[in-house]
Structures are given as structure tokens and as C-alpha cells.
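For the sequence shown, the positions run 20 to 72 when our numbering is used. No residue lacks a Cβ here, since even glycine has one placed at the ideal position from N, Cα and C. Before any comments, here is the structure.
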Amino acid sequence: MEFTQSEKRNITPEKAVQILQKKGIKIELEDAKNLLDFMYFLAKLIVEQNFKK
């Protein structure tokens, strides 16, 4: 579940850390990267299962 160059990502791990810190959630940069990878994976899976029939 690694980021590939063909995927466009609008939120960087650094930006995710900033957003979460504003909400009182402390997260390391590596954890933010893993979280974003997982979220993009889920989003892609949902689109494939529901809209590409």
C-alpha cells in the first residue's frame, strides 16, 4: 500500500499532522503517512466497488 507516482495526493503527511494537531490529536509524521496511505486505499476500494460496475 505504498504511494505511487501515478496517484495525485492533495494532502501531504505534514499537512495531515497540522490538521490533526489543531483538533488536539498528536501524531508522528510516519504515522500520518501510513494513515493517509490507508485512507487513500479505502477511498480507491470504495470507488472501485461502487462506481465501476
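Which whole-angstrom value describes the C-beta separation of residue i and residue j, a residue pair presumed to lie in contact below a C-beta threshold of 8 Å?
i, j, result
"LYS63", "PRO32", "Their Cβ separation, rounded to whole angstroms, is 18 Å, which puts LYS63 and PRO32 out of contact at 8 Å."
"VAL36", "LEU55", "Not confirmed; about 10 Å, so no contact."
Between the C-alpha atoms of residue i and residue j, what's the straight-line distance to the nearest angstrom?
i, j, result
"LYS71", "PHE57", "20 Å"
"ILE30", "ILE65", "19 Å"
"LEU39", "LYS45", "7 Å"
Residue i by DSSP, collapsed to three states: which one?
i, result
"ASN53", "helix"
"GLU67", "helix"
"ILE38", "helix"
"GLU26", "coil"
"GLU33", "helix"
Can you find a C-beta in chain B that's less than 7 Å from the C-beta of residue i?
i, result
"ASN29", "No chain B is present in this structure, which holds just one protein chain."
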